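Asks:
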Amino acid sequence: MMNWTQSRDFCVEKGGHLVIITNQPEQDFVFSQIRETHWIGLNDLETEGQWMWVNNQPLKETGITFWYSAPEGPNEPDNWKEEDPSGENCAALGDARGNMHKWFDASCRMIKKCICEK
281 MMNWTQSRDF CVEKGGHLVI ITNQPEQDFV FSQIRETHWI GLNDLETEGQ WMWVNNQPLK
341 ETGITFWYSA PEGPNEPDNW KEEDPSGENC AALGDARGNM HKWFDASCRM IKKCICEK
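Set out below in structure tokens:
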């Protein structure tokens with residue numbers, strides 16, 4: 281288990297990258313493989329609110345997202361700063377409450393498992 285940057289570097293060292301999810305079948309497959317939260321290859325470290333995949337493709341170009349939302353709110357990404365003043369700039373599939381089928385922004389310093397792909 282590593283923080284987001286360590287996870288990104290680990291995947292590169294293994295000849296791949298953190299997983300990039302651009303369609304429903306990919307989302308469904310990755311979701312089917314996990315039982316706890318994992319880092320994915322999405323972040324807004326460079327510019328707040330401009331989410332980018334690790335291959336430098338802007339999230340908005342894919343036309344699809346799987347951010348968590350609930351009628352009672354708050355919706356993701358929410359850039360919550362209570363635990364980390366720098367905010368939540370890295371994306372994970374799933375959260376500690378068991379919502380494994382959606383994306384959540386999280387502090388890049390948090391320790392999680394990661395999903396690599398080639």
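Under this note's numbering, the first residue of the sequence shown is numbered 281, with each subsequent residue one higher.
Note that CB positions come from ideal geometry on N, CA and C, so glycine has one too.
Computed from a predicted structure; not experimentally measured.
Let me confirm a value: Ile320 is counted as buried when at least 16 other C-beta atoms fall within 10 Å, else exposed. Which label applies?
Replies: buried
Asks: Kindly list the residues whose CB is nearer than 6 Å to the CB of Asp324, restricted to its own chain and excluding five residues on each side of it in sequence; keep chain order.
Replies: Gln330, Trp331 and Asn369
Asks: Sorted by chain position, which residues of the same chain lie with C-beta nearer than 6 Å to Gly374's C-beta, five sequence neighbours on each side aside?
Replies: Thr317 and Met380
Asks: If you follow the beta strand (DSSP E) that Phe346 is part of, which residue opens it and which one closes it?
Replies: It is not in any beta strand (DSSP E) - Phe346 carries neither H nor E in the DSSP assignment.
Asks: If we call anything under 9 Å between Cβ atoms a contact, is Asn355 one with Gly367?
Replies: No.
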